[in-house]
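Below is one structure, written out as structure tokens, with a few remarks after it.
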Amino acid sequence: MKNNKANYLIVGTFVLLVIAGVVTSVALLTGRTGATDDYYAVYDNVTGIEFGTRVLYEGFPIGQVEQVKPIQEKDRIRFRVDLAVTEGWKIPADTKAEIASSGLLAAVTISLNAGKATDNLEPGSQIISAPSANVMAAVSNL
């Protein structure tokens, strides 16, 4: 009888450790392990942007897209993209957020191109959106 209880204890401990390992792995893979500051940008077209899309600051990964939601503006619909950026990251006020892709098969990212302003955006602020570089449009002009 004691042997059965010991086996249940060992199996139960093993299952709990596996569950903890899976939860930790998911947290590390999604990049959501630390505190973040929230910003947003507004775009006319958000092709390829979804939850988890990487946010790069001059090519360095600093966060991800948290949410994309449509907003009605007068006679058209635009899209608000909420960004979660590493807490404390300094973003100059004139920084531009561009939807970018490094190639035909590369994943789409939000690229923050730093401005020259000495003052920084406060968390919760809007980042100026820049027109995206459309790779397919450039190829069709050749």
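Quick note on numbering: the numbering used here labels position 135 of the sequence shown as 136, and the sequence is numbered without any gaps.
Every residue, glycine too, gets a C-beta built ideally from N, C-alpha and C.
Quick caveat, the model's predicted, so the values are computed rather than measured.
Distance between beta carbons of residue j and residue i, contact taken as under 8 Å
i           : j          : result
residue 64  : residue 93 : The pair is not a contact, with the Cβ atoms about 16 Å apart (cut-off 8 Å).
residue 68  : residue 83 : 4 Å
residue 121 : residue 91 : 5 Å
residue 128 : residue 21 : So it is not a contact: roughly 37 Å between Cβ atoms.
Sequence-distant residues of its chain with Cβ nearer than 7 Å to residue i (five each side left out)
i          : result
residue 11 : none
residue 44 : 79, 80, 82, 100 and 130
Three-way DSSP call (helix, strand, coil) for residue i in this model
i           : result
residue 6   : helix
residue 52  : coil
residue 14  : helix
residue 36  : coil
residue 133 : coil
Residue i and residue j closer than 8 Å at C-beta
i           : j          : result
residue 132 : residue 39 : no
residue 110 : residue 57 : yes
Beta-carbon contacts of residue i that lie in its chain and below 6 Å, excluding the five residues immediately before and after
i          : result
residue 62 : 55
residue 59 : 115
Own chain residues within Cβ distance below 8 Å of residue i, not counting five before or after
i          : result
residue 88 : 35, 36, 37 and 38
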